[in-house]
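Participant: Residue numbers (the working numbering): 3 to 592.
Have a look at this one.
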């Protein structure tokens, strides 16, 4: 029997608020007794940085609530779970209005003192809101962007490093990782600068800068003569690394201690803010029916999820979207939100949810939180299937991205659903197996005798190398990914050699796994970029051709698709391809 997660002294509640026609989504964190000394609004960064910071903001909100503060963390208009699109007009005005709506909510609820916290561009937005209000009690600028122009320069540089050129096209739009800035948005961001924010910002200000970073001249001049604490934002590099997203516990402690001191005074009972808990209309069908979303808690684990549907229109199986890594329920660069709302407009009922220990879901007893590719994730997917379709957990369609696709394929082998759709699937998933469990069914690996024969000399050959490098070699040997590395270094190796290696040196290859899934009568749709298809097809061209002849298997190869798909046109292409396949396969409106 699954144990329930332990409850904290904080009561976080998901809410929609703001304009009824374009609701914003957020979380209110309150002490359980409802008594507070003040309220804090958390302003998140933009793009990929918002995903990196998400779990850390949850920790910060809980910690502040434990200190007797009401905390509202939220998604800006057109981002996260809030209504709208990243390419809608007036983005900067809408983002600033979102911060104002969140701050006004806390003030209207009776918070006696107001604090604002912002990381990166969230810091610039928080400073703007502090100016709008004529000053707040406390302002935390956490590794802040001093100007919109500076932020955009950074994003262009990051795209250049990633091989995308300088991304300054003729229309002057900027493609940042996870977010597209249209020309109008670029111009509006260029006008946003802390140096131009006259007037009072806050009674006290805390600025956190990464270790070794000098104080930005424009920020130092703007705050000159004011009551400012300068402290260290330790752990910032690991926090903003999309592969790590490590919560900076020391920096969180500094923010909690500082705000707890600054927002002191008599406690008051916070009035219930005028915030709707849902359902909220986030779109519309072609016929004008509203596409609705509401939050759910799934199973004994109380996994957090959001259901998207058009009331009375759903006829097909429920679509369950499975995250990759430790990304929360919006998916890679918000792809699950876009897909869910596209499917909702077509009549599907869709669930996106957080795996245990990540996002807004609880943590299993003894589980380490916020782990990418946690072994518990596979059980989480089945827990969600059982909760969303209790009469028949297999009456669902599972959609997964990268390691989420691996978890989907595991379920297809354990509890075959109606269908699966996997995007850039990983078959070399390497979770630390819990004590006493069997090897995962969808995990590719080398034959055991190969590992035993090659492992020792491989370690000997790497005796003068970094332990990290040697460990990577051993994992590649164990996971059976070494042929891909060899094929990339020596592309002229004939196919018959790869067929021999696949048959005699590898066990449980990607194609044999797919063959078992298709043999179970599970409708299987796979979308791959060329780079992600190489590990699947190497030495298996005949098997791939045989799979494509099966009525239960469809393959879409998108040559220009990168693995992470951070670029907007790639995300939109994926949503279009997957939505079209699901509509054709399940026809919910017929």
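Glycine included, C-beta positions come from ideal geometry on N, C-alpha and C.
#1: If we count the other Cβ atoms within 10 Å of its Cβ and call it buried at 16 or more, is residue 582 buried or exposed?
#2: Among 16, 588, 145, which has the Cα closest to the Cα of residue 83?
#3: Looking at residue 593: is its Cβ nearer than 9 Å to the Cβ of residue 310?
#4: Given 8 Å as the limit, is there contact between the stretch 516-531 and the stretch 555-575, that is, 3 or more CB pairs closer than that?
#5: Between 81, 26, 68, 23, which has its C-alpha nearest residue 595's C-alpha?
#6: Specify, as a first and last residue, the run of the alpha helix (DSSP H) that residue 244 falls within.
#7: For a test of the three-state rule: what should DSSP assign to residue 229, helix, strand or coil?
#8: Could I get the ranges of all uninterrupted beta strand (DSSP E) runs contained in the stretch 113-188, with 3 residues as the minimum, in chain order?
#9: What first and last residue would you give for the beta strand (DSSP E) that runs through residue 50?
#10: Taking the continuous beta strand (DSSP E) assigned at residue 285, which residues delimit it?
#11: Between which two residues does the beta strand (DSSP E) carrying residue 207 extend?
#12: Can you tell me whether residue 344 is helix, strand or coil according to DSSP?
#13: Tell me which same chain residues have a C-beta within less than 6 Å of the C-beta of residue 385, skipping the five on either side of it?
#14: With residue 488 as the anchor, note down where its alpha helix (DSSP H) starts and where it stops.
#15: With H, G and I counted as helix, E and B as strand and the rest as coil, what does DSSP make of residue 3?
#16: Please state whether the Cβ-Cβ distance between residue 39 and residue 267 is less than 9 Å.
#17: Could you please give the first and the last residue of the uninterrupted beta strand (DSSP E) stretch that includes residue 530?
#18: For residue 542 and residue 515, I'd like the C-alpha separation in whole angstroms.
#19: For residue 605, which of helix, strand or coil comes out of DSSP?
#20: Which residue comes first and which comes last in the alpha helix (DSSP H) that contains residue 91?
#21: Where residue 387 and residue 331 are concerned, what is the direct C-alpha to C-alpha distance, given to the nearest angstrom?
#22: Give me the DSSP bridge partner(s) of residue 31.
#23: Report the residue from 107, 92, 91, 353 whose alpha carbon sits nearest the alpha carbon of residue 75.
#24: Tell me the DSSP secondary structure of residue 481 in three-state form.
#25: Please classify residue 31: is it buried, with 16 or more other beta-carbons within 10 angstroms of its beta-carbon, or exposed?
#26: Suppose you measure from the CA of residue 172 to the CA of residue 49; what does that come to, to the nearest Å?
#27: Sorted by chain position, which residues of the same chain lie with C-beta nearer than 6 Å to residue 57's C-beta, five sequence neighbours on each side aside?
#28: Whose C-alpha, out of 196, 199, 176, 200, is nearest the C-alpha of residue 189?
#29: Going along the chain, which residues of its own chain have a beta-carbon closer than 6 Å to the beta-carbon of residue 3, five neighbours each way excluded?
#30: With a floor of 4 residues, list each alpha helix (DSSP H) that falls wholly inside the stretch 372-447, ordered by position along the chain.
#31: In this structure, how does DSSP classify residue 192 when only helix, strand and coil are distinguished?
#32: Where does the unbroken alpha helix (DSSP H) through residue 546 begin, and where does it stop?
#33: Out of 198, 374, 394, 174, which has the shortest C-alpha to C-alpha gap to residue 243?
#34: Have a look at residue 21 and residue 409 and give me their C-alpha separation to the nearest angstrom.
#35: Take residue 506 as the anchor and find which of 467, 450, 474 has the nearest alpha-carbon.
#36: In terms of alpha-carbon separation, which member of 93, 54, 453, 14 lies closest to residue 122?
Facilitator: Short version:
#1: Here residue 582 refers to the residue found at position 580 of the chain shown. Exposed, since its Cβ has fewer than 16 Cβ neighbours within 10 Å.
#2: Translated into the one-based positions of the chain shown, residue 83 becomes position 81. Taking only the C-alpha atoms, the option nearest residue 83 is 16.
#3: No answer is possible for residue 593: the residues shown for the chain start at 3 and end at 592.
#4: yes
#5: Residue numbering for the chain in the displayed model covers 3 to 592; residue 595 lies beyond these limits and cannot be assessed.
#6: Sequence index remark: in the chain shown, residue 244 carries index 242 (1-based). From DSSP, residue 244 is part of no alpha helix (DSSP H); its letter is neither H nor E.
#7: Reading the chain shown from its first residue, position 227 is the one you call residue 229. In the structure shown, residue 229 sits in coil (DSSP, three-state: anything other than H, G, I, E or B).
#8: 116-121, 138-144, 176-178, 181-183
#9: Here residue 50 refers to the residue found at position 48 when the chain shown is read from its first residue. Not the beta strand (DSSP E): residue 50 falls in the alpha helix (DSSP H), residues 50-68.
#10: Within the chain shown, numbered from 1, the residue matching residue 285 stands at position 283. DSSP places residue 285 inside the beta strand (DSSP E), whose first and last residues are 282-286.
#11: Locating residue 207 in the chain shown gives position 205, counting from the first residue. In the DSSP assignment, residue 207 falls within the unbroken beta strand (DSSP E) covering 204-211.
#12: As a position in the chain shown, residue 344 is number 342, starting the count at 1. Helix, per DSSP.
#13: Counting from 1 along the chain shown, the entry for residue 385 is found at position 383. Only 301, 303 meet the Cβ criterion.
#14: For the purposes of this step, residue 488 is identified with residue 486 of the chain shown, where counting begins at 1. Here the alpha helix (DSSP H) through residue 488 covers 484-491.
#15: Position 1 of the chain shown holds residue 3. Because residue 3 sits at a pLDDT of 43, beneath the cut-off of 50, its placement in the model cannot be relied upon, and the point is left open.
#16: Your numbering for residue 39 matches position 37 in the chain shown. Your numbering for residue 267 matches position 265 in the chain shown. Contact flag set, yes.
#17: By 1-based counting over the chain shown, the position of residue 530 is 528. Looking at the DSSP string, the run of the beta strand (DSSP E) that includes residue 530 is 525-530.
#18: Here residue 542 refers to the residue found at position 540 of the chain shown. Here residue 515 refers to the residue found at position 513 of the chain shown. For residue 542 and residue 515, the distance between alpha carbons rounds to 12 Å.
#19: The structure shown does not extend to residue 605, since the chain is modelled only from 3 through 592, so no value can be given for it.
#20: Within the chain shown, numbered from 1, the residue matching residue 91 stands at position 89. Where residue 91 is concerned, there is no enclosing alpha helix (DSSP H), given that its DSSP letter is neither H nor E.
#21: Walking along the chain shown from the start, residue 387 turns up at place 385. Walking along the chain shown from the start, residue 331 turns up at place 329. So the alpha carbons of these two residues sit roughly 15 Å apart.
#22: For the purposes of this step, residue 31 is taken as the residue at position 29 of the chain shown. DSSP, once it has assigned bridges, lists 14, 73 as partnering residue 31.
#23: Locating residue 75 in the chain shown gives position 73, counting from the first residue. With distances taken between Cα atoms, residue 75 lies closest to 107.
#24: Sequence index remark: in the chain shown, residue 481 carries index 479 (1-based). Helix, per DSSP.
#25: Working through the chain shown from its first residue, we reach residue 31 at position 29. Classification of residue 31: buried, given that the 10 Å Cβ count is 16 or more.
#26: Against the chain shown, residue 172 aligns to sequence position 170. Against the chain shown, residue 49 aligns to sequence position 47. With a pLDDT of 44 at residue 172, under the threshold of 50, the modelled position of this residue cannot be trusted, and the question is left open.
#27: In the chain shown, residue 57 corresponds to position 55, counting from 1. Closer than 6 Å at Cβ, skipping near neighbours: 372.
#28: Taking the chain shown and counting its residues from 1, one reaches residue 189 at position 187. The shortest Cα separation from residue 189 among 196, 199, 176, 200 belongs to 176.
#29: Stepping through the chain shown from its first residue, residue 3 is reached at position 1. In this predicted model, residue 3 has a pLDDT of only 43, less than 50, meaning its place in the structure is not dependable; the value taken from the coordinates is given anyway. Correct list: empty, nothing qualifies.
#30: Complete alpha helix (DSSP H) runs here, min 4: 379-390, 405-416.
#31: Along the chain shown, read from residue 1 onward, the residue named residue 192 stands at position 190. The answer is helix: DSSP assigns residue 192 an H, G or I state.
#32: In the chain shown, residue 546 corresponds to position 544, counting from 1. Start and end: 543-550.
#33: Along the chain shown, one-based indexing puts residue 243 at 241. Ranking 198, 374, 394, 174 by Cα distance to residue 243 puts 374 first.
#34: Taking the first residue of the chain shown as 1, we reach residue 21 at position 19. Taking the first residue of the chain shown as 1, we reach residue 409 at position 407. Roughly 38 Å between the two C-alpha positions.
#35: On the chain shown, residue 506 is found 504 positions in, with the first residue counted as 1. Selected option, being the one with the closest Cα: 450.
#36: As a position in the chain shown, residue 122 is number 120, starting the count at 1. Ranking the options by Cα distance to residue 122, first place goes to 54.
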